[in-house]
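Scroll down for the structure; my scribbles are underneath it.
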Amino acid sequence: MTKEESVDQNAEEAHAYTPGLKVKRRIIVEKTRRLPIQGEVLIERGAKADFETIVAKTEIPGDPMIIRADDLMGLPASDVPTFLVKKIGDEVEEDEVIARYSAFWGLMKKELRAPEKGTIESYSDTTGHMILRSAPIPVVVNAYIQGQVDAIIPKEGVVIKTEAAYLQGIFGIGGERHGVLHMVVDSPDETLTEDKITPEQKGMILVGGNLATYEALMRAIEYGVKGIVVGGIKGRDISKLLGYEIGVAITGEESIDLTLVVTEGFGEMTMSHRTFNLLKECEGKQAAINGTTQIRAGVLRPEVIIPYDQRESGSFTDEPELSGGMRPGTPVRIIADPYFGGIGTVTNLPVQLQVVETGSKVRVVDVMLDGGEEVTVPRANVEIIEE
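Those letters in the sequence shown? Residues 0 to 386, per numbering that gives the first Met the number 0, in order.
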């Protein structure tokens, strides 16, 4: 075997490991639903849970407030306990009397009243300070997805498991919501404009094509749309929508009545045909959506989950997990210029290092784009589209 033949064989057998976004027609999804502090789990293992089923609850202690009781009463700190009309541990309403002092046959009266509703937590007869703890804040955790309780985390939460169609986006804003999937465009390269948003879409998750305009986003919020899934979005429209420049390190906590999942990137980006067709097949079904995005340690991707038990039994067949990394035939998305957003399949993984524009030597990949053009890009500039 010649050296040239050896290189060709190695190139054909080469594969690379690279991160990718999942686009799965059928997959087992597990979601851990956990309280921020210990509390009470409200559901049993094996029970069915709906999107809004409350699975756990707790109460977060309220903020403490220091009351200078001795100064307000005009008494030595050690004397204040004598005039308390409420005990340590008692709950009080706003403006309710906590202590009452009377002298000179009732000619001089002073009262200490609660500045807000809370619980008297402690009093120091050294400093004269009383601590009033405001009312606890109730916290509940819902199931988020429709499925079965697979495990109980004592005093903390549960693990919900479901069989579902599942896809991830590149970027998103807004938190967890659910609604009926509804297609508002006919093709993945069609723009979602405001005229396509109607009052009848209230509570739905809308699927657009290559772009959602700012006007469409505003109209969606006005009409009570729960979420939008779209190929691209303009960065300036996100800033205009939120009223501030957003960082992409972590999102999902924005004060906005809409969840947005962007599947391809910023700008006008045709949605992947695989993603578009999957969403189209699931139109009319209930779906969960979450725009939370984190690109630092512990990567979180925005996601759309369509539980399998909401669809006709047997509509989909099991699909194997993508393993072994990137190889010829693997569907990929280019995530850097000059072909940013391009979608295609790997045709070759050359073994030799190649010099790029910066002068660096890197490993590259040959990609046949959906439009028929074959390009060569650094392997670090692509991500796998998991099917």
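We put the CB at the ideal spot given by N, CA and C, even for glycine.
Query, Result
"Cα separation between Gly202 and Ile333?", "34 Å"
"Whose CA, out of Gly156, Gly371 and Ile169, lies closest to the CA of Leu299?", "Ile169"
"Return the CA-CA distance between Ile172 and Met270, expressed in angstroms with no decimal places.", "18 Å"
"What residues are listed by DSSP as bridge partners for Phe265?", "Ile232"
"Determine the burial state of Val139: buried for a count of at least 16 other Cβ atoms within 10 Å of its Cβ, exposed for fewer.", "exposed"
"If you scan the stretch 77-154 from start to end, which runs of the beta strand (DSSP E) of 3 or more residues do you find wholly inside it?", "96-102, 107-112, 117-122, 128-133, 136-141 and 146-152"
"By the 10 Å Cβ neighbour count, where 16 or more other Cβ atoms means buried, how is Thr416 classified, buried or exposed?", "Residue numbering for the chain in the displayed model covers 0 to 386; residue 416 lies beyond these limits and cannot be assessed."
"Assuming Ile342 contacts Leu368 (C-beta within less than 8 Å), just tell me the rounded distance between them.", "7 Å"
"State buried or exposed for Met72, treating a residue as buried only when at least 16 other CB atoms are found within 10 Å of its CB.", "buried"
"Go ahead and pull the three-state DSSP assignment for Glu214.", "helix"
"Leaving out five residues before and five after Ile130 in sequence, what residues of the same chain have Cβ atoms less than 8 Å from its Cβ?", "Pro63, Met64, Ile65, Ile66, Ile119, Glu120, Ser121 and Tyr122"
"Going by beta carbon distance, what residues of the same chain come within less than 7 Å of Ile388, once the five residues before and after it are set aside?", "Outside the displayed range of the chain (0 to 386) lies residue 388, so it cannot be described from this structure."
"Expressed to the nearest angstrom, what Euclidean distance is found between the alpha-carbon atoms of Asn380 and Pro337?", "10 Å"
"Starting from the Cα of Tyr213, find the closest Cα among Asn141, Ala76 and Ser238 and give me that residue.", "Ser238"
"Distance check for Leu83 and Val261, CA to CA, integer angstroms please.", "60 Å"
"Would you call Gly283 buried or exposed, if buried means 16 or more other Cβ atoms sit within 10 Å of its Cβ?", "exposed"
"How big is the Cα-Cα spacing for Gly251 and Gly226?", "13 Å"
"Just to check my reading of the structure: Thr274 and Leu166 have Cβ atoms closer than 8 Å, yes? What is that Cβ distance to the nearest angstrom?", "6 Å"
"Whose C-beta lies closer than 7 Å to the C-beta of Gly266 among residues of the same chain, with five residues either side of it excluded?", "Gly231 and Lys233"
"What residue does the beta strand (DSSP E) around Ala68 start on, and which one ends it?", "Where Ala68 is concerned, there is no enclosing beta strand (DSSP E), although the alpha helix (DSSP H) it sits in stretches over Ala68 to Met72."
"Can you give me the Cβ contacts of Gly223 inside the same chain, cut-off strictly under 7 Å, excluding the 5 residues immediately before and after it?", "Lys201 and Gly202"
"With DSSP as the reference, label Ala335 as helix, strand or coil.", "coil"
"When the Cα of Gly290 is compared with those of Glu302, Lys279 and Glu280, which residue comes out closest?", "Glu302"
"Pick helix, strand or coil for Ala46, following the three-state DSSP scheme.", "coil"
"DSSP three-state label for Thr274, please.", "helix"
"List, from N- to C-terminal side, the alpha helix (DSSP H) runs of 4 residues or more that fit wholly inside the stretch 156-223.", "213-221"
"Let me confirm a value: Pro306 is counted as buried when at least 16 other C-beta atoms fall within 10 Å, else exposed. Which label applies?", "buried"
"Is Leu240 helix, strand or coil by DSSP?", "helix"
"Can you name the start and end residues of the beta strand (DSSP E) that Ile59 belongs to?", "Ile53 to Ile59"
"Nearest-angstrom Cα distance between Met268 and Phe339?", "9 Å"
"Going by Cα to Cα distance, which pick from Phe50, Arg33 and Ser77 is closest to Lys56?", "Arg33"
"Might you give, ordered along the chain, the residues of its own chain that have their beta carbon closer than 7 Å to the beta carbon of Lys109, omitting 5 neighbours on each side?", "Met72, Gly73 and Tyr100"
"If you reduce the DSSP assignment to three classes, tell me which class Lys225 lands in.", "coil"
"Where does Glu253 fall in DSSP's three states?", "coil"
"So the beta strand (DSSP E) Val364 belongs to, where does it begin and stop?", "Val363 to Leu368"
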